[in-house]
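A short worksheet on the structure shown next.
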Amino acid sequence: MPQLNSAEELEQFRQELLSKRDPNRPCISICAGTGCLAYGAAEVIDAFKAEIKEQGLTAVVDTKGTGCPGFCERGPVVVIYPEEICYLGVKPEDVPEIVAQTIGEKKVLDRLVYEDPNTGDHAVHESDIPFYKHQERNILSHNIKIDSKSIDDYLSIGGYSALTKALFRMTDIEVLEEVKKSNIRGRGGGGFPAGRKWEGSRNAPEKVKYVIVNADEGDPGAFMDRALLEGNPHSILEGLIIGGYAIGAHEGFIYVRQEYPLAVENITLAIAQAEKCGFLGRNILGSGFDFTVKVHQGAGAFVCGESTALMTSLEGRVGEPRPKYVRSNVKGLWNRPSVLNNVETWANVPLIINNGADWFTRYGTEGSKGTKIFSLVGKITNTGLVEIPMGMTLRDIIYKIGGGIPGGKKFKAVQTGGPSGGCIPESLLDLEVDFDELTKAGSMMGSGGMIVMDEDTCMVDVARYFIHFLTDESCGKCVPCREGLRQMDKILTRITEGKGKEGDVETLEEFSELAIEASLCALGKSAPNPFLSTLRYFRDEYEAHIKDKRCPALSCKELISYYIDPAKCRACLICLKKCPVDAIDGGKRKIHIIDQDRCTNCGTCLEVCPAKFDAVIKVSGEPVPPSIPEEQRMISRKSKEK
Amino acid sequence: MSEIHLQIDGKEVNATEGMTVLEAAQGAGISIPTLCHHEKLEPLGGCRLCMVEVEVRGWKKLVVSCVYTVEEDLIVTTRSEKLDRIRKNLLELLLAHAPESPQLQEMAREYGADKNRFEKEASFCIHCGLCVRYCAEVAGKHAVGFIDRGIRKEISFIPEIATKECNDCKECFPLCPTSYLQAAFVLIESLVSSRSDSESASKK
């Protein structure tokens, strides 16, 4: 890595790198993101390296661990270039065969390529897999192409060319105008136009200004920002430096949660590399612009994703929001103008500068431009990260990309926007996903979490879960959030336990309104959303729980009972042996009966009862039928033979 | 400092630039309820009782008056059905923790709050932070602080500092709207003295 002193030196260095790289040379890219690592990707990478060495191919084949391409459901993901053959669920024992057949003989291993669970069709290339085919991966597509720890890899795909364009061919005002023209809205939750936020900071009289990356991704099930920070850290750094140039800031901060060790490692390494190359520090590439970046690790409080709490935490104090009526882009970190944007927003900046605002606005809807990354999780066939143009319908995301609901179950709702987002029902599946449409439906974009729920999910329990999460994560500074949510959590818990009473829904509504009207920060103001949206679309479930003591989804443990249908039970002893509390009475050829007083509703009997018998039945809101008389419990040989 | 003209509950009020709405109201003899506010301390904006409605150029919004600063031609409403309901609900939530606090009871009477609305969880402390902030900002001792977060947050004296500083100060005691602060101090004192007793006993 040489120290580069001008845009020309950078281009020269880039050409040198590219001239040494043969695009036809085989390259094995293995996802080294957190998801695939958990599946054993590190062993797969080692196995490839060892095998390539053993076969004496080190000089002709490249092997690299890359960022996350998004198809986490089928990890570890391996892509072999130049053919772009995509293998899924690769294990170390597959490696010798891949090297011998695919690298050596150019043959595709059918058993490792994508097979459509419905049609049985095979797809060899990434672009043919339905999960990828319907996406628009402007940002995420780079992840699998580069070794996230290599600045050379980033430079070889055009890295830092947006920075040189901004520094040498555009004025700071032109950069700002381009971002404003792109109309990009903040990807972290609020959806505030980034250009206007930047302009506010730029115009603020205080001279010292800051730019900050919000990488405190804390929504359960969301990992978009982690994948970007781990997989392509330089792209975020490049966006941040450009932002600093546009508003006149010379210091940047990356606020990243400590729970993301690989992201911390990769961004810290990227900063060191960028400093060495001359993309950070004094007089960047000879432009006269100075800029430095520091990484700050958050201690894991959800509230620190809120802008003023994040800045307070960055100042070294307890991460609690500040009551302020001046925006933080004017008075933020240490009371100075501070532009705080989410990881994904910053990652979009180099693309906007390189390709122009007109290119960016080709994607998306009238009010929400560009693409957006979602983490698609829950009861969905293809769990993973998806990047789509704004305006795609929920139905297309869930069925075309996500592959629908597994196990033949019915779709019930999708929760968007993180814990303080809302649940959207089946009747709104044709909603075109963008900032405004989601808000209209009583949910929000948030940072892009999407949790799919099937018919077995109880919506009252979902509301309870998220309100409990938010109660736990409330910083406690203001009363409506700390105490109001605490009471809401207690009431919702009571309802799911079958102890709900008349008036509970009204009390919940009353304290939802209090939290919205009187809370100090956006976390408190949006916290009642999980309750309000489930009430709006699933009021019947609340009424069933409170009035009939019935859980329609047969999910709330305190409201369900199990019994064994005597006509179906074949006295196989399986459930009897597996019951953890010895609540099942029976014997060989003696029909089994569940002792309701002992039963803890764990559901083990239902799970283990052989499908051919299907004798265990779950009910809610109705008494279990009386047990059959003792004398009828013996199954005669004859009936067994029948 | 230029003079600012605003209207509070229909009354024309003069204030100086940089003043909060709460200060302007108090100066004009208009009372706004507060719990976490103290004139010597930086505003916390935590109890939310001092919320008022402000109208700026035709736009109405709810703000906390202890933080919001005065503006020319601002129209402030300190009591309305909505504001009273907010205060009633806030008080009901706090009364679950400190039902016997005289200060809370007095406000509950004013706003019709039912102290038995929620199941009692007598933690006594209502997190107003007056003691913690007074000790840090005015006394400069940092002898009492908050530990943990959210619903688990509680005040705690730091034994090493409290045993040296608190006996001669105790200025925070009258600030506490509940009786909790003194109790917490007595507790820490007894814990420290029993520890030093047993230490000196073991040395013998």
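Which chain is which? The protein sequence lines are A and B, in order.
Residue 423 is where the first sequence starts when you use the working numbering, and the numbers rise one by one after that.
Residue 213 is where the second sequence starts when you use the working numbering, and the numbers rise one by one after that.
Cβ coordinates follow ideal geometry from the N, Cα and C atoms, glycine included.
Only a predicted model underlies this, so the values are computations on that prediction, with no experimental measurement involved.
Proximity of PRO504 of chain A to chain B, defined by a Cβ-Cβ separation below 7 Å, is not satisfied.
In this structure, B:ILE242 is the residue among B:GLU318, B:SER214, B:ILE242, B:GLU229 with its C-alpha nearest to the C-alpha of GLY222 of chain B. Under the 10 Å beta carbon count, LEU807 of chain A is surrounded by 16 or more other beta carbons and is classified as buried.
If you draw a 10 Å sphere on the C-beta of THR734 of chain A, you find 16 or more other C-beta atoms in it, and that means buried. Residue burial annotation: PHE590 of chain A is exposed, with fewer than 16 other C-beta atoms found within 10 angstroms of its C-beta. Out of A:ILE579, A:ILE819, A:LEU773, the CA that lies nearest to the CA of ILE664 of chain A is found in A:LEU773.
Proximity of the segment 991 to 1002 of chain A to the segment 973 to 982 of chain A falls short of the contact definition, fewer than three beta-carbon pairs being nearer than 8 Å. With 16 or more other Cβ atoms from the protein chains shown falling within 10 Å of its own Cβ, ALA692 of chain A counts as buried. Within chain B, the residues whose beta carbon sits less than 9 Å from that of SER896 of chain A are ARG361, GLY362, ILE363, listed in sequence order. Of the other Cβ atoms in all chains shown, 16 or more fall within 10 Å of the Cβ of VAL901 of chain A; this residue is therefore buried.
Exposed is the label assigned to GLN523 of chain A, since fewer than 16 other Cβ atoms lie within 10 Å of its Cβ.
At a cut-off of 7 Å, the C-beta of PHE330 of chain B has a neighbouring C-beta in chain A. Contact between GLY640 of chain A and PHE724 of chain A holds, since their C-beta atoms are separated by about 4 Å, short of 8 Å. In the three-state reduction of the DSSP assignment, PHE796 of chain A falls in the strand class, which pools E and B. When 8 Å is used as the limit between beta carbons, ILE287 of chain B is near no residue of chain A, the shortest such separation being about 16 Å.
Contacts with chain B at 7 Å (Cβ-Cβ) include ARG908 of chain A. With 16 or more other Cβ atoms inside 10 Å of its own Cβ, ARG904 of chain A counts as buried.
Here ARG758 of chain A has GLU628, VAL630, LYS631, TYR632 as same chain residues with Cβ atoms under 7 Å from its own Cβ, once five neighbours each way along the sequence are excluded. Identification of chain A residues near LEU305 of chain B by a Cβ-Cβ cut-off of 7 Å yields VAL901, GLU905, GLY906, GLN909, ordered along the chain. Under the rule that a run must span 3 or more residues, the beta strand (DSSP E) segments found entirely inside the segment 317 to 399 of chain B read 356 to 359, 366 to 369. Assigned with DSSP and collapsed to three states, PHE724 of chain A falls in helix. Here GLY610 of chain A has ASN636, ASN764, SER869 as same chain residues with Cβ atoms under 6 Å from its own Cβ, once five neighbours each way along the sequence are excluded. VAL275 of chain B is positioned such that its CB atom lies no closer than 7 Å to that of VAL288 of chain B.
For TYR747 of chain A, at least one C-beta of chain B is nearer than 7 Å to its own C-beta. Excluding sequence positions up to five before and after VAL678 of chain A, its CB lies within less than 8 Å of the CB of VAL635, ALA637, ASP638, LEU651, ALA685, VAL686, ILE689, VAL717, HIS718, GLN719, GLY720, all in the same chain and listed in chain order. When C-alpha distances from GLY813 of chain A are compared across A:ILE795, A:LYS832, A:LEU853, the shortest belongs to A:LEU853.
Using a C-beta cut-off of 8 Å, the segment 728 to 746 of chain A makes no contact with the segment 552 to 570 of chain A, since fewer than three inter-stretch Cβ pairs fall below that distance. As the crow flies, the alpha-carbon of PRO615 of chain A is around 15 Å from that of ALA668 of chain A.
Chain B places a beta carbon closer than 7 Å to that of GLU939 of chain A, counting this residue as a contact. In this structure, SER657 of chain A sits near ALA769 of chain A, with a CB-CB distance shorter than 7 Å. Here the C-alpha atom of ALA588 of chain A lies approximately 31 Å from the C-alpha atom of ALA731 of chain A. Only residues of its own chain outside the window of five on either side were considered, and among them GLY643, VAL799, GLY800, GLN837 have a CB closer than 6 Å to the CB of ILE873 of chain A, listed in chain order. Using a Cβ-Cβ cut-off of 8 Å, PRO255 of chain B is close to PRO745 of chain A, given in chain order. With contacts defined by Cβ atoms closer than 7 Å, PRO514 of chain A and VAL546 of chain A do not form a contacting pair. For LEU773 of chain A, not one C-beta of chain B is nearer than 7 Å to its own C-beta. Under the 7 Å criterion on CB atoms, ILE298 of chain B is classed as interfacial with respect to chain A.
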